[in-house]
Amino acid sequence: MSAFFRSLAAFVFALLLLGQPAQADSWLPPETRTTESANGAFRFTVEPTPIRSSLDYFSQELEAEQAGEEVDRPAPIGVLERRGDDGVWEPVWMRRLVNAVSPVTAIVADDGRFVVTFDNWYSTGFGENVIVIYGADGTLVRAMPLMALLPEDYIDALPRSVSSLSWKRDDRFDGSHLVVDIVIPGPDSREQNAASVPFRIALTDGSIAFPPEAQWQNALEKARAVNEARRRAKEARLAYLREPLTAPEGCEKRAWNAYLREAHLRLTPEDIYEASASVNIIDPPDHPRHEKAVGWLTEHLLDDFGTANELAAVSPCQNGVLAAAIEQAMQSAEPGSLPNTILYVASDRAEFERISDLLAPSGSKAVWLDPDGAIPQRPDRVPGSPEEQAAREEWERRILSDAQDILEEVDAAVN
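Number 374 in the UniProt record's numbering belongs to position 374 of the sequence shown; there are no gaps in the numbering.
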């Protein structure tokens with residue numbers, strides 16, 4: 001996926017998901033940013049490429065991508081200044097930066113001889129300008145991608161969001177070198193104090209010195225372990241998706257939650273990339289959370305506003321409890337008021353039939369999840385199948401079309 005499409009995906013998800021949980025990014029529009037050297041003698045100001053809004057930027061990028069062209073816009077400007085004896089800032093150099101819109105951060109050497117910028121707006125860790133070194137007069141010393149420092153499998157192991165990599169813990173000057181602390185992949189690699197290894201980069205020519213051998217080999221091994229764990233998890237997930245789904249054997253709520261979510265996706269009549277269902281697990285009547293759980297179920301059942309309203313419910317190891325909760329909820333439902341509601345019920349047949357009868361006057365529908373049966377996977381969710389590929393391509397086409405419509409509507413509104 002190109003850096004543009006990573007950024008567009010993050011932006012589109014933010015527009016379309018409307019607050020639903022997602023691993024999308026939230027970036028503010030680029031702003032003028034000033035960074036002082038540690039001793040306060042120099043400061044570096046970045047004036048980003050002028051864009052009216054993130055919407056406008058991605059609208060232009062999308063149109064250009066579809067036309068096979070590049071957007072012609074001015075590069076951001078960097079200005080280095082020196083603080084005079086009288087406290088007044090005096091210009092040292094000014095130039096167009098190599099980033100497309102703006103770097104994300106920068107550091108300035110105490111003597112003003114070097115300025116280093118990091119990353120690109122809306123996409124950290126990707127692109128050719130992840131680290132850029134400028135010399136005393138603003139001359140470009142070196143611009144480098146992350147792959148100049150790290151092998152591809154190490155980069156693959158770094159924590160990421162839709163658009164960006166979390167790759168750097170810290171950076172600093174050390175004499176004639178830039179020191180960059182690269183995150184070591186692992187369970188805690190998103191933490192602020194995540195383990196890291198130091199890379200030393202010569203400021204005069206951008207040459208790279210790797211960490212001490214023992215540290216570097218340890219980091220590489222940690223990256224391999226992360227990738228192997230992800231590979232095993234992916235294989236297990238793919239096998240789970242391909243196999244018939246069976247109900248949990250015990251009463252553990254987390255297992256039933258996962259079962260209900262997957263069962264819904266296998267049976268829903270809605271588009272698989274847009275379908276959602278509230279999961280309701282009803283605790284036993286003597287449980288402190290029982291009344292609250294029944295209240296949530298009632299709220300979700302009555303949440304029919306003319307669009308699909310899907311729920312899944314179970315009361316693990318408690319025969320009759322779910323039906324009693326449904327009966328209580330239906331006391332607040334007017335006849336025929338819930339025609340768009342579907343409730344997926346995990347229970348024995350007798351309780352399901354009772355629940356189905358309770359729902360019928362409201363116009364809502366019950367779907368039985370037989371705990372003793374198995375639910376086959378639907379063709380468009382079988383990983384690697386032609387149906388799955390076609391469904392994904394159609395979803396991507398629709399997402400881009402919806403994004404284009406949103407961008408055009410906003411553009412028309414502001415113009």
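Think of the CB as a built atom: it goes at the ideal place given N, C-alpha and C, for glycine as much as any other residue.
query	result
Would you check if the distance between the CB atom of leucine 267 and the CB atom of arginine 381 is smaller than 8 Å?	no
Quick one: what's alanine 312 bridged to in DSSP?	Val279, Tyr344
Taking 7 Å as the limit between beta carbons, can you name the residues of its chain near serine 102, skipping five residues before and five after?	Pro30, Val46, Pro48, Thr49, Pro76, Trp121
If you drop the 5 nearest sequence neighbours on each side, which residues of the same chain put their C-beta closer than 6 Å to that of proline 198?	Val179, Asp181, Pro211
Can you check which of these residues, Ala308, Leu301, Ala366, Tyr273, is closest to glutamate 393 by C-alpha distance?	Tyr273
Do the CB positions of glutamine 244 and isoleucine 342 come within less than 8 Å of each other?	A quick correction: the sequence has proline, not glutamine, at residue 244. No; because the gap between Cβ atoms is not below 8 Å, this pair is not in contact.
Between the region 58 to 69 and the region 131 to 140, are three or more C-beta pairs nearer than 8 Å?	no
Out of Ala38, Lys222, Leu140, Ala263, which one is the CA nearest neighbour of methionine 94?	Leu140
For the alpha helix (DSSP H) that histidine 300 lies in, which residues bound it at each end?	290 to 301
Does glutamate 81 come out as helix, strand or coil in the three-state DSSP assignment?	strand
To the nearest whole angstrom, what separates the beta carbons of tryptophan 89 and arginine 43, a pair I think is in contact under 8 Å?	7 Å
Report the rounded CA-to-CA distance for aspartate 300 versus asparagine 309, giving the unit in angstroms.	According to the sequence displayed, residue 300 carries histidine and not aspartate. Their Cα atoms are separated by approximately 8 Å.
What are the boundary residues of the beta strand (DSSP E) that tryptophan 27 is part of?	Run containing tryptophan 27: none; DSSP gives neither H nor E here.
Going by C-alpha to C-alpha distance, which of Ile281, Asn99, Ala324 sits closest to glutamate 128?	Asn99
DSSP three-state label for alanine 22, please.	With a pLDDT of only 34 at alanine 22, under the threshold of 50, the placement of this residue in the model should not be trusted; the figure read from the coordinates follows. Reduced to three states, the DSSP call for alanine 22 is coil.
With three or more C-beta pairs closer than 8 Å as the rule, is the region 389 to 405 touching the region 282 to 301?	no
Pick helix, strand or coil for leucine 338, following the three-state DSSP scheme.	coil
For tyrosine 134, which beta-bridge partners are listed by DSSP?	Val115, Leu140
Classify serine 362 as helix, strand or coil using the three-state DSSP reduction.	helix
If we require 3 or more residues per run, which beta strand (DSSP E) segments fall completely within the region 39 to 84?	42 to 47, 77 to 83
Would you mind sorting glycine 112 into buried or exposed? The rule is 16 or more other CB atoms within 10 Å of its CB.	buried
Would residue 422 be called buried (16 or more neighbouring beta carbons within 10 Å of its own) or exposed?	Given a span of 1 to 415 for the chain in the structure shown, any question on residue 422 remains unanswerable.
For isoleucine 155, report the span of its alpha helix (DSSP H) as first-last.	152 to 157
Run through the DSSP bridge pairs and tell me what arginine 200 is partnered with.	Val179, Ala209
Are alanine 312 and leucine 358 close, meaning C-beta to C-beta below 8 Å?	no
State the DSSP-derived secondary structure class of arginine 378, mapped to helix, strand or coil.	coil
Where does the unbroken beta strand (DSSP E) through methionine 94 begin, and where does it stop?	89 to 96
In or out: methionine 1 buried (at least 16 other Cβ within 10 Å) or exposed?	Because methionine 1 carries a pLDDT of 43, less than 50, the predicted location of this residue cannot be relied on, and no value is offered for it.
Can you tell which of Gly68, Arg96, Ala64 has the C-alpha that lies nearest to the C-alpha of proline 74?	Arg96
Identify the residues that DSSP records as bridge partners of glutamate 246: which are they?	Note that residue 246 is threonine in the sequence shown here, rather than glutamate. Ala374, per the DSSP bridge assignment.
Just to confirm the assignment, what range does the beta strand (DSSP E) spanning residue 435 have?	Outside the shown range of the chain (1 to 415) lies residue 435, about which nothing can therefore be said.
Quick check: the region 329 to 338 against the region 360 to 372, are there 3 or more CB pairs under 8 Å?	yes
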